[in-house]
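Here is the structure we will look at.
Chains as they are written, first to last, in the working numbering: chain A, 1 to 264; chain B, 1 to 264.
Right under this line is the structure:
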């Protein structure tokens, strides 16, 4: 019954935010072009990196493309759901409108992380999957059911980690009020998810797997495609994703205690 | 008399904006951190020995990327986002009554922000030198002076381009998506992620006729002591400024007639 209610609320969210986004049609078209060129630019960069030896961090160009495609899918998801919603938290806190959210008979985390949707990210997701299918073709990967299962599991875990990271940063707004720039810092860190982890020096590798687990987000799902992912890696990703989701939830509830409701 | 008055105007504007910016120190520090992508790129370059193919030593490459970081720090422009918000909320109206083009105000805002940013950028640079002591160098005064000018000209080019885009707000209400589209070539072609010299021939043949390499690649090469075609590049920078300035004046004059003073 509860799930039914949330589903119903979510469809309402979807309708209203799509309607308001479609008001700016030219904007959406320009965003679509941007997504396309952004992918083109990253491919260009990757081709420069592998021009020398054909390899980057031990990955062949064709293999590194898989990472690129998974990054594109995840970036599309970020642009569609996380970015529009979680930057909104900043506004809620600054203008004191978080009060209205908290008063509603619905989970506040659900409300603020699913209220809005930005349809222009869909193309990026689509582009990412197209590139992925192309990669499957050129790397001559034979798909089977367990493959796809593992891939979907890790992809969902990556989405979970990504969501938690965004949500963590946005939650700190409650104390610092203006963390719009903090999300920008996260964005620039996430940027390196386009490249295989092995292309970085040892110290950065440690940083990007322990402090900000960007590695898990793109490298492990790609390794599954190449059949070089270890079982423990998959297990680790599931665990980390679980920990992240759980702590970000606790952190939100904890932060709410400090909410002082500005300007009301 | 006139000159005296305008000097006083500039001085007051800068002073006001500087104290305004100091209020948001943390925010500006975060902005500075979000610009560290060039260092990640440097890590990929040196870690994969990619510089072998373009004949630049590790040290010169690390200086290049450090300078690219600096140039980027002092040529970041965000006028379109501020103007879009001001236009949507009708805040532009009071500015228009004053005998001062609002873009001069935005310009002062940017300069003040750069002054606030300077210490943070220095801190990041000194951390970089701590990690890479072999890349410490002192550019001579001439070069330092010239590259300061080059960076400033790069800033002006970007400011003019964004101001032109910002004026589209008069017609389309939202102009930031055009800016995001234009940011893609700026990101990939300006030399922030890879020096222009490493680009494949089919791009190098036309890229020097576009404004992009003069935004980051040229000032960074000049400052770091890598080969830079100084006279020609300065000429191109001035050419683009001379080209964009009348366009901006024209579009501003046309756009202001369309202004509808929303939200007031």
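The beta-carbon is built from N, C-alpha and C at its ideal position, and this holds for glycine as well.
Opposing strand residues paired with residue i [DSSP bridges]
i, result
"residue 59/A", "56/A"
Under 7 Å by beta carbon: chain B residues contacting residue i
i, result
"residue 218/A", "Ordered by position in chain B, no residue passes the 7 Å Cβ test against residue 218/A, which lies about 14 Å from the chain."
"residue 24/A", "174"
"residue 182/A", "30"
"residue 27/A", "174 and 177"
"residue 33/A", "181"
"residue 197/A", "Under the 7 Å cutoff, chain B gives no residues; its nearest Cβ is about 11 Å from residue 197/A."
"residue 169/A", "Correct list: empty, because the minimum Cβ distance to chain B is about 10 Å."
Rounded straight-line distance, which links the Cα of residue j to that of residue i
i, j, result
"residue 214/A", "residue 55/A", "21 Å"
"residue 230/B", "residue 206/B", "18 Å"
"residue 12/B", "residue 116/B", "16 Å"
"residue 144/B", "residue 24/B", "29 Å"
"residue 21/A", "residue 118/A", "7 Å"
"residue 159/A", "residue 34/A", "22 Å"
"residue 59/A", "residue 233/A", "18 Å"
"residue 233/B", "residue 3/B", "31 Å"
"residue 53/B", "residue 53/A", "9 Å"
"residue 14/B", "residue 112/A", "38 Å"
"residue 101/A", "residue 26/A", "31 Å"
"residue 141/B", "residue 153/B", "18 Å"
"residue 242/A", "residue 220/A", "16 Å"
"residue 92/A", "residue 238/A", "32 Å"
"residue 246/A", "residue 224/B", "47 Å"
"residue 69/B", "residue 226/B", "15 Å"
"residue 105/A", "residue 6/A", "11 Å"
"residue 244/A", "residue 168/A", "9 Å"
"residue 88/B", "residue 80/B", "12 Å"
"residue 29/A", "residue 83/A", "18 Å"
"residue 156/A", "residue 32/B", "32 Å"
"residue 127/A", "residue 17/B", "43 Å"
"residue 122/B", "residue 11/A", "50 Å"
8 Å Cβ cutoff met for residue i and residue j
i, j, result
"residue 66/A", "residue 132/A", "yes"
"residue 113/B", "residue 28/B", "yes"
"residue 166/A", "residue 86/A", "yes"
"residue 150/B", "residue 237/B", "yes"
"residue 61/B", "residue 48/B", "no"
"residue 41/A", "residue 199/B", "no"
"residue 116/A", "residue 88/A", "yes"
"residue 252/B", "residue 169/B", "no"
"residue 158/B", "residue 179/B", "no"
"residue 43/B", "residue 207/A", "no"
"residue 162/A", "residue 63/A", "no"
"residue 59/B", "residue 135/B", "yes"
"residue 123/A", "residue 32/A", "yes"
Three-state class that DSSP yields for residue i in the structure shown
i, result
"residue 255/B", "helix"
"residue 50/A", "coil"
"residue 9/A", "helix"
"residue 12/B", "helix"
"residue 136/B", "coil"
"residue 170/A", "helix"
"residue 206/B", "helix"
"residue 217/B", "helix"
"residue 95/B", "helix"
"residue 78/B", "coil"
"residue 229/B", "coil"
"residue 193/B", "coil"
"residue 261/A", "coil"
"residue 131/B", "helix"
"residue 229/A", "coil"
"residue 211/B", "coil"
"residue 265/A", "Because residue 265/A is not part of the residues shown, which for chain A are 1 to 264, the question remains open."
"residue 87/A", "helix"
"residue 24/A", "coil"
Where residue i meets chain B, residues with beta-carbon distance less than 8 Å
i, result
"residue 185/A", "30, 33 and 34"
"residue 52/A", "48, 49, 50, 52 and 53"
"residue 214/A", "None at all; the shortest Cβ gap to chain B is about 11 Å."
"residue 30/A", "177, 178, 180 and 181"
"residue 191/A", "37 and 40"
"residue 37/A", "181, 184 and 185"
Interface partners of residue i on chain A, CB under 7 Å
i, result
"residue 198/B", "48"
"residue 194/B", "45 and 48"
"residue 43/B", "200, 201 and 204"
"residue 188/B", "41, 44 and 45"
Residue i: contacting residues in chain A (beta-carbon distance under 9 Å)
i, result
"residue 72/B", "Residues of chain A passing the Cβ test: none, with the nearest at roughly 11 Å."
"residue 170/B", "Near residue 170/B there are no residues of chain A at all, since even the closest Cβ is about 14 Å away, more than 9 Å."
heavy atom of the ligand GDP below 7 Å from residue i C-beta
i, result
"residue 73/A", "Annotation note on the ligand GDP: not contained in the displayed structure, which lists no ligands."
Partner residues on chain B for residue i, Cβ-Cβ distance less than 9 Å
i, result
"residue 188/A", "33, 34, 35, 36, 37 and 40"
"residue 56/A", "44, 48 and 50"
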